[in-house]
Amino acid sequence: MRLASIGIALSLAAAAIIGAAPAQADDERHPVGGLGTAVHNYLFSPDSVAGANDWDCKPSAEHPEPVVLAHGTFANAGANWVKLAPMLANEGYCVFAFNYGMNHLSLGRVGGLDDIAGSARTMSAFVDRVLAATGAKKVDIVGHSQGGMMPHYYLKRLGGAAKVDTLVGVAPINHGTTLDGLVNLGEAMGILGFVNNLFDWSGLPGLHQMEVNSTFQKELWADGDTVPGVRYRVIATNRDLVVTPYTNGFLRGGDVRNITIQDQCPGDPAGHVGVFLDSPVMQNVLNALGPDDPAFKPTCTDYGPAV
417 MRLASIGIAL
427 SLAAAAIIGA
437 APAQADDERH
447 PVGGLGTAVH
457 NYLFSPDSVA
467 GANDWDCKPS
477 AEHPEPVVLA
487 HGTFANAGAN
497 WVKLAPMLAN
507 EGYCVFAFNY
517 GMNHLSLGRV
527 GGLDDIAGSA
537 RTMSAFVDRV
547 LAATGAKKVD
557 IVGHSQGGMM
567 PHYYLKRLGG
577 AAKVDTLVGV
587 APINHGTTLD
597 GLVNLGEAMG
607 ILGFVNNLFD
617 WSGLPGLHQM
627 EVNSTFQKEL
637 WADGDTVPGV
647 RYRVIATNRD
657 LVVTPYTNGF
667 LRGGDVRNIT
677 IQDQCPGDPA
687 GHVGVFLDSP
697 VMQNVLNALG
707 PDDPAFKPTC
717 TDYGPAV
């Protein structure tokens with residue numbers, strides 16, 4: 417419910433500036449959107465976003481892996497990627513974005529509600545389609561929130577590791593969340609099971625599965641955090657009020673690099689939702705997919721919202 421409240425509050429706040437996306441440079445093939453663009457796309461373009469899903473795109477020698485984008489809970493591809501998708505396309509990447517986890521409650525717009533294993537199967541089919549269209553051997557994945565965690569099921573349980581080079585999680589909900597202590601409180605009061613049964617019955621199993629110590633979480637991580645052959649990059653914010661503690665997004669083992677954005681830009685206020693518009697976060701994503709310089713430092717400006 418807290419996740420929903422944050423998403424609704426963001427949408428209402430942005431509605432007043434729905435046409436206020438910043439002007440773009442004339443030489444940008446794909447306009448980079450802002451908060452107003454995200455709200456517009458959420459309502460009117462949930463399946464498409466500038467820079468993504470050109471099925472005729474062929475990867476270059478400089479960027480041989482197509483990039484697949486996985487949105488967060490309650491979001492959709494059209495809204496979540498208004499900044500990153502055109503940025504990547506303008507850099508010469510083939511970019512693809514898809515919706516997952518939608519059901520009868522989604523109204524074609526609200527994603528990440530349904531069973532996470534089912535969402536991973538949606539990702540598997542989408543990645544296969546991307547590989548067939550582009551002729552590439554592997555993809556890179558960038559996921560926000562649940563979209564940073566869900567691909568682990570694809571990698572570990574559905575054979576996805578053979579098809580993925582790099583997974584970048586942006587404020588990923590990897591090891592679950594206490595929802596700022598609400599999960600622990602519900603367990604202590606003996607009502608957590610009732611709430612989770614209500615989630616499952618009403619068509620919201622994905623919310624139950626993201627809780628810390630859920631059965632889904634325990635089974636997903638039982639054999640460790642990583643699989644051989646995949647690079648893992650996590651970009652977190654210590655202002656996160658959804659993934660709590662925010663360090664639950666971090667991974668251990670394998671080829672892993674965990675980044676807290678405030679270690680680079682101490683004044684960055686971007687929260688769990690706001691990271692999708694945060695310039696330092698976007699710069700780190702571009703570094704992770706490109707030179708992957710461990711000493712990279714972003715320009716500390718153009719921060720995302722503090723939500």
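In terms of our numbering, the sequence shown is residues 417 to 723.
For each residue, glycine too, the CB sits at the ideal point set by N, CA and C.
Taking its Cβ as the centre, do 16 or more other Cβ atoms sit within 10 Å of residue i, making it buried, or is it exposed?
i, result
"Thr489", "buried"
"Leu523", "exposed"
"Gly606", "Per-residue confidence for Gly606 stands at a pLDDT of 43, beneath the threshold of 50, marking its modelled position as unreliable; the derived number appears in the next sentence. Classification of Gly606: exposed, given that the 10 Å Cβ count is below 16."
"Pro588", "buried"
"Arg525", "buried"
"Ser476", "exposed"
"Ala486", "buried"
Using only alpha-carbon positions, find the residue among the options that is nearest to residue i.
i, options, result
"Ala722", "Tyr570, Pro462 and Leu657", "Leu657"
"Thr594", "Thr715, Tyr662, Ala548 and Gly645", "Tyr662"
"Gly575", "Pro696, Arg668, Gly450 and Val646", "Val646"
"Gly449", "Gly467, Met539 and Asp463", "Gly467"
"Pro447", "Lys554, His479 and Pro502", "Pro502"
"His520", "Asp531, Phe514 and Phe512", "Asp531"
"Met539", "Asn703, Gly551, Gln562 and Ser522", "Gln562"
"Arg668", "Gln633, Asn496, Asp708 and Asp641", "Asp641"
"Gly706", "Asn496, Thr582 and Asp463", "Thr582"
"Val465", "Lys499, Asp472, Trp471 and Cys473", "Lys499"
"Asn492", "Tyr458, Ala505, Thr676 and Val584", "Tyr458"
Taking the alpha-carbon positions, what's the residue i to residue j distance?
i, j, result
"Arg649", "Met566", "15 Å"
"Leu529", "Met626", "11 Å"
"Asp544", "Arg537", "11 Å"
"Val586", "Tyr570", "17 Å"
"Pro644", "Gly527", "30 Å"
"Glu478", "Lys553", "15 Å"
"Asp718", "His456", "21 Å"
"Ala704", "Arg655", "22 Å"
"Glu481", "Arg673", "20 Å"
"Phe512", "Ala548", "13 Å"
"Ala541", "Trp497", "20 Å"
"Ala711", "Ile651", "14 Å"
"Asn515", "Gly687", "22 Å"
Taking only three categories from DSSP, how would you classify residue i?
i, result
"Tyr648", "strand"
"Val558", "strand"
"Ala501", "helix"
"Gly585", "strand"
"Val580", "strand"
"Thr717", "coil"
"Asp470", "coil"
"Ala686", "coil"
"Arg673", "strand"
"Val448", "coil"
"Val483", "strand"
"Thr631", "helix"
"Thr538", "helix"
"Ala493", "helix"
"Phe512", "strand"
"Thr663", "helix"
"Thr375", "This structure cannot speak to residue 375, because the chain is shown only from 417 to 723."
"Leu598", "Low confidence applies to Leu598: its pLDDT is 37, below 50, so where it sits in the model is not reliable enough to give any reading."
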